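Here the structure is laid out as structure tokens; the discussion comes afterwards.
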DNA sequence: GAATGCCTACTCGGATAATTACTGTCCGAGTTGTCTTGG
DNA sequence: CCAAGACAACTCGGACAGTAATTATCCGAGTAGGCATTC
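Residue numbers (our numbering), protein chains in the order written: chain A, 3 to 164; chain B, 3 to 164.
As structure tokens, then:
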């Protein structure tokens, strides 16, 4: 089981959009060029973000995407769930019901014990993702990246932002 | 991204094998019949457990599988990794290197900040799974299930255990 | 009656198809900025 | 010179193929128990 590569792309796009001044938009074309990924397919990931209300879109020339909320109010979990969907990574198919020793009309009062453990782990995963916001990421990136690259990247993006 | 259904099957099989008396074996045929899943495909999941050293196998009539370790020393994580593989759910493809504003020879001293967060979440997931052993599961099941079903199931299994 | 050797039936393990999900691509509907034209 | 209208280019969104991974199946190598045979 692997996360889609769209998750990675979506997160990187959000990181870029976090640096955009209020009210400016950046097109899927520019985002794909910046990250070196196919434009059309990246569009699908951004579409997911749009449906989830994480980004706002505008059409026409100088149109594109911007964050729909302050970077501090968008978490990794929001982005991941927007692309991957919200359902648990573990699906319980209730095979315990196939046990030949069970009465046919027997009804369990609790979810399967195995599923409970798997879901708890899934919850821990989501909690970790929910604890980090795009603002946190922005701060980390500013510490990690050389100022020169950051400056040039910002300039590059502003040149293309509508 | 979904976990394979083999993960679920493998865990249920381990739960059953935990209840088996020392030295007895249970065949893939019986395990598949007990859980109502295709025999041949279940075999592949058990094969994974075998390669990981979680179960021990014997051939011939009255052959099959048994746990290779005490139930208290086998964790959910062991079983999940035996079937799913050990690599992280998130793969960083280093698209940050495609940034057109980077010097071509620039070399990052840290892993990508986004990947670090995703890997941390993955780690939290694994830690939760590593905290629960098959012995814990066995105890939970004995509390959850009616004694009657447990007794009949054990009897059913012992009838078929070699 | 007991021991030995052969045989059969059953086991797991890896190699082979069918299905599903992911990855990537294309085209159409809609909007905004620009240019032309007229007042 | 200014305003209005038409145009063109660019945008996103959903519909359409190609590829990889998961799901399912089949067959062969190997082993342990059972049975017949012999002593």
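Beta carbons: idealized from backbone N, C-alpha and C, even for Gly.
Remember, predicted model here, so these are calculated numbers, not experimental data.
With DSSP collapsed to three states, give me the class of residue 57 of chain A. Strand.
Under 9 angstroms from the C-beta of residue 86 of chain B: neighbouring residues of chain A: The answer, in chain order, is 3.
Cβ of residue 115 of chain B within 8 angstroms of Cβ of residue 84 of chain B? The Cβ atoms of residue 115 of chain B and residue 84 of chain B lie no closer than 8 angstroms to each other.
For residue 119 of chain A, which of A:71, A:67, A:164 and A:92 has the nearest alpha-carbon? Nearest C-alpha to residue 119 of chain A among A:71, A:67, A:164 and A:92: A:92.
Within the continuous alpha helix (DSSP H) that includes residue 33 of chain B, where are the two ends? That run of the alpha helix (DSSP H) goes 30-37.
Residue 126 of chain B Cβ short of 7 angstroms to the ligand GTP heavy atom set: Absence of the ligand GTP is noted for the structure shown, with no ligands found whatsoever.
Short of 6 angstroms in beta carbon distance, which residues of its chain neighbour residue 132 of chain B, apart from the five on each side in sequence? Order them along the chain. Closer than 6 angstroms at the Cβ level, and outside the excluded window around residue 132 of chain B, lie 77 and 79.
Endpoints, the beta strand (DSSP E) within which residue 68 of chain A is located: From DSSP, the beta strand (DSSP E) with residue 68 of chain A extends over 66-69.
Contact the segment 92-104 of chain B vs the segment 148-158 of chain B: 3+ CB pairs below 8 angstroms: In this structure the segment 92-104 of chain B does not touch the segment 148-158 of chain B; the number of beta carbon pairs closer than 8 angstroms is below three.
Considering Cα atoms alone, identify which of A:24, A:48 and A:21 is closest to residue 34 of chain A. Closest by alpha carbon: A:48.
With a threshold of 8 angstroms between beta carbons, is residue 100 of chain B in contact with chain A? Yes, residue 100 of chain B counts as interfacial toward chain A.
Please classify residue 60 of chain B: is it buried, with 16 or more other beta-carbons within 10 angstroms of its beta-carbon, or exposed? By the beta-carbon neighbour count (other beta carbons within 10 angstroms, threshold 16), residue 60 of chain B is exposed.
Any chance the segment 18-28 of chain A sits against the segment 61-76 of chain A, with 3 or more Cβ pairs inside 8 angstroms? With a cut-off of 8 angstroms, the segment 61-76 of chain A and the segment 18-28 of chain A count as touching, because enough Cβ pairs lie within range.
So, is residue 62 of chain A buried or exposed, given that buried needs 16 or more other C-beta atoms within 10 angstroms? Flag for residue 62 of chain A reads exposed.
Burial state of residue 50 of chain A, where buried means 16 or more other Cβ atoms lie within 10 Å: So residue 50 of chain A counts as buried.
Residues within the segment 25-47 of chain B neighbouring chain A, beta-carbon criterion of under 8 angstroms: Only 35, 36, 37, 38 and 39 from the segment 25-47 of chain B bring a Cβ to less than 8 angstroms from some Cβ of chain A.
Since residue 155 of chain A sits in a beta bridge, which residues does DSSP pair it with? Listed as beta-bridge partners of residue 155 of chain A by DSSP are no residues whatsoever.
Taking the CB atoms as reference points, tell me whether residue 130 of chain A and residue 122 of chain B lie closer together than 8 angstroms. Contact: yes.
Here's the rule: buried if 16 or more other CB atoms are within 10 angstroms of the residue's CB, otherwise exposed. What is residue 10 of chain B? It is buried - the Cβ of residue 10 of chain B has at least 16 other Cβ atoms within 10 Å.
Cβ shell of residue 14 of chain B (< 8 angstroms), same chain only, five flanking positions each side left out: So the qualifying residues of the chain are 37.
According to DSSP, is residue 52 of chain B helix, strand or coil? Residue state for residue 52 of chain B is assigned as helix, using DSSP reduced to three classes.
Cβ shell of residue 6 of chain B (< 6 angstroms), same chain only, five flanking positions each side left out: Once the five neighbours on either side are set aside, residue 6 of chain B has no close Cβ partner at all.
Which one of B:88, B:105, B:153 and B:108 has the shortest CA to CA distance from residue 125 of chain B? Residue B:88 is the option with its Cα nearest to residue 125 of chain B.
Chain-ordered neighbours of residue 107 of chain B on chain A, where CB pairs are closer than 8 angstroms: Those do not exist, as residue 107 of chain B stays about 13 angstroms from chain A at its closest Cβ, beyond 8 angstroms.
For a contact defined as C-beta to C-beta under 8 angstroms, what are the partners of residue 7 of chain B on chain A? Residues of chain A passing the Cβ test: 93 and 95.
Do residue 26 of chain B and residue 163 of chain B have their C-beta atoms closer together than 8 angstroms? Yes, the pair counts as a contact, with Cβ atoms nearer than the cut-off.
Does chain B have any CB closer than 8 angstroms to the CB of residue 77 of chain A? Not one beta carbon of chain B lies nearer than 8 angstroms to the beta carbon of residue 77 of chain A.
Does the distance from the C-beta atom of residue 28 of chain B to that of residue 159 of chain B stay below 8 angstroms? Yes, they are a contact pair.
Where residue 142 of chain A falls: helix, strand or coil (DSSP): Look at residue 142 of chain A here: in three-state DSSP terms it is helix.
Proximity to residue 86 of chain B [Cα-Cα], best of B:117, B:73, B:46 and B:102: Ranked by Cα distance from residue 86 of chain B, the options B:117, B:73, B:46 and B:102 are led by B:46.
Going by beta-carbon coordinates alone, are residue 56 of chain B and residue 81 of chain B separated by less than 8 angstroms? Contact flag set, yes.
Pick helix, strand or coil for residue 20 of chain A, following the three-state DSSP scheme. Residue state, collapsed to three classes: helix.
Look at the alpha carbon of residue 110 of chain A and the alpha carbon of residue 73 of chain B, and state the distance between them as a whole number of angstroms. Between the C-alpha atoms of residue 110 of chain A and residue 73 of chain B there is a straight-line separation of about 25 angstroms.
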